[in-house]
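Undergrad: Under the UniProt record's numbering, the letters of the sequence shown match residues 1 to 209, in that order. Cβ coordinates follow ideal geometry from the N, Cα and C atoms, glycine included.
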Amino acid sequence: MARPREFDEAAVLDAAMHCFWQRGYEQTSMRDLAGEMGMTSASMYNAFGDKRALYRRALDHYLAQTVRDRIARFAPLPPLAALRGFFTEIVERSVADRQRRGCMLVNSALEVAPHDAGFRRLVAGELEFVEAFFRRCIAAGQQDGTITAHPPAEKLAKLLLSLLLGIRVLARTRPQRAVLDGAAQAALALLQPEPPATVPGHGSDGPPG
1 MARPREFDEA AVLDAAMHCF WQRGYEQTSM RDLAGEMGMT SASMYNAFGD
51 KRALYRRALD HYLAQTVRDR IARFAPLPPL AALRGFFTEI VERSVADRQR
101 RGCMLVNSAL EVAPHDAGFR RLVAGELEFV EAFFRRCIAA GQQDGTITAH
151 PPAEKLAKLL LSLLLGIRVL ARTRPQRAVL DGAAQAALAL LQPEPPATVP
201 GHGSDGPPG
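This is the structure in structure tokens:
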């Protein structure tokens, strides 16, 4: 009969997540992890495997708390409100990150994914998940007239994904609200539909009929 685990899995994964998030994959040692997680090396290996396997679990833990939770919360809102809320929260969290850790997913894309096919697929899949959320919001907004009909939703979704990645990278070096919010608002302004053209002689300032 297997012995029950003598630790809180969510708590130790949270500790591992913060350790990797702060130091990065290469700069985090198994000794660092054992100290942060409050486990012996043997217990850690038995529970989670090697460093790569633990990093994967920690990254999944991060994604569940951030990317997937955020999309689940904003998806039910009206399309434009969902996108504005999403980026407002991204800016707020970036500005509040005094340690300048950035986004663990983006950090993984830059540090780990180029050298590891498994993580490359994971990162690509997660970015596609975010892009699909943007695309759904834009398509719905184009349908109800709250978002410009041109360019098509596919192109605008890629623009917003690029904006997201840019903000998260920029926040590592220039986490000023004016910089990050300025970038977000400029891109979101492109989603606004153009006002209807005024027919000469029929405007509000024209002579009475």
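Which one of A187, G182, V169 has the shortest CA to CA distance from R101?
TA: Measuring from the Cα of R101, the nearest candidate turns out to be V169.
Undergrad: Output yes if chain C places a C-beta closer than 8 Å to the C-beta of A109; else output no.
TA: Structure shown: chain C not included; a single protein chain is present.
Undergrad: First and last residue of the alpha helix (DSSP H) that includes C137?
TA: C137 -> alpha helix (DSSP H) spans 117-144.
Undergrad: Do you know offhand how far D60's Cα is from A139's?
TA: For D60 and A139, the distance between alpha carbons rounds to 29 Å.
Undergrad: Which same chain residues, not among the five before or five after D14, have their C-beta less than 8 Å away from its C-beta?
TA: Closer than 8 Å at the Cβ level, and outside the excluded window around D14, lie H61.
Undergrad: Can you check the region 1-66 for any alpha helix (DSSP H) of at least 4 residues that lies completely inside it and give the ranges in chain order?
TA: Segments of the alpha helix (DSSP H) lying fully in the region 1-66: 9-23, 30-37, 41-48, 51-65.
Undergrad: If you scan the region 67-117 from start to end, which runs of the beta strand (DSSP E) of 3 or more residues do you find wholly inside it?
TA: The qualifying runs do not exist here; there are none.
Undergrad: If the criterion is Cβ atoms closer than 8 Å, does the pair V130 and L164 meet it?
TA: Yes.
Undergrad: Does DSSP put E154 in a helix, a strand or coil?
TA: In this structure, E154 counts as helix in the three-state DSSP scheme.
Undergrad: Can you grab the Cα-Cα spacing for the pair A11 / D97, in whole Å?
TA: Taking the straight line from one Cα to the other gives about 21 Å.
Undergrad: Going by C-alpha to C-alpha distance, which of K155, Q176, P151, A183 sits closest to G166?
TA: Among K155, Q176, P151, A183, the Cα nearest to that of G166 is on A183.
Undergrad: Does the separation of the CB atoms of G145 and L80 fall below 8 Å?
TA: Cβ distance not < 8 Å, so G145 and L80 don't count as in contact.
Undergrad: Can you list, in chain order, the residues of its chain with a C-beta nearer than 6 Å to that of P114? Leave out the 5 residues immediately preceding and following it.
TA: Hits under 6 Å: none found.
Undergrad: What would DSSP say about R168, mapped onto helix, strand or coil?
TA: In this structure, R168 counts as helix in the three-state DSSP scheme.
Undergrad: Checking 8 Å against the spacing of the C-beta atoms, do L77 and L188 come in under that value?
TA: For L77 and L188, no; Cβs fall outside 8 Å.
Undergrad: Quick one: what does DSSP say T173 is sitting in, helix, strand or coil?
TA: Here T173 sits in coil by DSSP.
Undergrad: Is T148 near L180, with beta carbons less than 8 Å apart?
TA: It is not a contact, given that the beta carbons lie outside the stated cut-off.
Undergrad: Please state if the CB of Y45 and the CB of F20 are separated by a distance shorter than 8 Å.
TA: The answer is no: Cβ separation not under 8 Å.
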